[in-house]
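What follows is a short report on a single structure.
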Ligand SMILES: [Ca+2]
Ligand SMILES: [Ca+2]
Ligand SMILES: [Cu+2]
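Numbering (my numbering), first residue to last: 18 to 364.
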């Protein structure tokens with residue numbers, strides 16, 4: 018049991034994602050989502066479990082697939098290799114990321130307080146900030162395009178002056194893994210495992226780079242919401258969006274899933290370990306794998322898998338908008354580009 022944090026301490030010294038998890042390398046710290054230092058976060062309060070629901074979910078049939086980076090595109094520190102065979106039971110997964118409207122219904126029903134609200138601060142991309150100067154606290158070490166903004170939370174995604182009235186159909190952001198867990202529990206769903214997420218994001222395409230094939234596409238026909246232009250100062254907005262896009266923007270993949278890559282990072286159930294695939298690859302196919310939680314780590318600080326990349330991804334510094342790409346953040350972290358979708362066992 019941890020104690021409630023001291024509100025007088027300096028607010029949110031943000032640190033680079035992966036700082037403690039992986040050795041420094043050219044790209045290991047460049048992931049486009051910062052980690053919050055909320056080391057005295059209390060245990061997440063339990064939200065009542067709702068009746069099982071499969072609303073908004075598509076069925077992914079049982080089968081095997083090749084998990085991992087078949088193209089050699091990934092950053093070694095992320096552990097996208099070796100490619101290995103995974104066998105999954107049939108399951109259900111949300112076609113869309115959870116929206117602000119859906120999260121509002123959850124909060125109304127449960128009075129859930131998110132980690133960002135409890136802490137009073139969350140990370141906002143510098144070009145998106147809508148806050149008084151006094152509420153912009155500091156930039157994150159090594160990732161100066163992330164600003165800690167007082168009063169940034171799911172209702173105020175760009176800071177206290179912003180709102181979600183016009184973003185009802187956009188993915189909820191500034192939600193931690195713990196907040197996502199609480200939502201899933203209430204909704205009668207669960208988070209997808211990392212293997213389920215990748216299998217579903219592949220949409221039936223064997224070893225492809227993206228949910229639609231191997232080519233990113235360009236010009237007037239973007240297929241996902243990432244960054245165009247020069248990161249992090251100039252976004253040419255060719256895909257139409259600086260930050261989030263509606264959850265149904267762009268074409269769905271072969272299983273009917275929207276925006277798996279790009280738009281927002283999506284929390285998965287698993288604890289994150291770069292060596293996960295290597296450890297698993299000796300006995301394949303891996304059957305319904307899910308990475309175990311480390312012992313002796315405070316639940317708020319366990320690194321959890323995030324998949325899919327976000328509107329900040331750009332090939333020049335973070336190409337994690339591929340179906341095989343992996344990243345992580347601590348269970349209490351939040352930022353303006355992390356959301357989630359839910360899954361379910363087949364009944
Ligand atoms: Ca964009
Ligand atoms: Ca996504
Ligand atoms: Cu990225």
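All C-beta atoms, glycine included, are put in the ideal place defined by N, C-alpha and C.
Owing to the predicted nature of the structure, the values given are computational and were not obtained by experimental measurement.
Under 8 Å Cβ to Cβ from residue i, same chain only, skipping five residues before and after it: list those, please.
i           : result
residue 252 : 144, 244, 245, 246, 259
Could you spell out the range, first to last residue, of the beta strand (DSSP E) harbouring residue i?
i           : result
residue 155 : 153-157
residue 288 : 282-288
residue 362 : 360-362
residue 140 : 138-142
residue 64  : Run containing residue 64: none; DSSP gives neither H nor E here.
residue 74  : 74-77
residue 83  : 80-84
Mapping the DSSP letters down to three states, classify residue i as helix, strand or coil.
i           : result
residue 107 : coil
residue 297 : helix
residue 346 : strand
residue 163 : strand
residue 354 : coil
residue 101 : strand
residue 92  : coil
residue 132 : helix
residue 316 : helix
residue 216 : helix
residue 247 : strand
residue 303 : strand
residue 150 : helix
Report the CB separation of residue i from residue j in whole angstroms; it is logged as a contact under 8 Å.
i           : j           : result
residue 291 : residue 94  : 6 Å
residue 105 : residue 283 : Rounded, the Cβ-Cβ distance is 17 Å, inconsistent with contact.
residue 339 : residue 288 : Wrong, their Cβ atoms sit about 22 Å apart, outside the cutoff.
residue 140 : residue 356 : That pair is no contact at about 14 Å.
residue 324 : residue 359 : The Cβ separation is near 14 Å, so there is no contact.
Is residue i near ligand 3, judged by its Cβ being under 7 Å from some heavy atom?
i           : result
residue 274 : no
residue 167 : no
May I ask you to check if the CB of residue i is nearer than 7 Å to at least one heavy atom of ligand 2?
i           : result
residue 283 : yes
residue 280 : yes
residue 325 : yes
residue 175 : no
residue 261 : no
Which first and last residues belong to the alpha helix (DSSP H) in which residue i is found?
i           : result
residue 402 : A question about residue 402 goes unanswered here, because the residues of the chain that appear run from 18 up to 364.
residue 194 : 194-204
residue 226 : Unbroken run through residue 226: none, as it is neither H nor E.
With a threshold of 6 Å on Cβ separation, who are the neighbours of residue i within its own chain once the five nearest residues in sequence on each side are excluded?
i           : result
residue 107 : 78, 79, 363
residue 133 : 139, 170, 191, 351
residue 69  : 205
residue 111 : 73, 74, 358, 359
Report all residues from its chain with a CB closer than 7 Å to the CB of residue i; omit the five preceding and five following residues, and keep chain order.
i           : result
residue 161 : none
residue 152 : 166, 167, 168, 176, 177
Does the beta-carbon of residue i, which I'm using as the reference point, lie nearer than 7 Å to any heavy atom of ligand 1?
i           : result
residue 258 : yes
residue 194 : no
Is any beta-carbon of chain B found at less than 8 Å from that of residue i?
i           : result
residue 189 : Absent from the structure: chain B. Only one protein chain is present.
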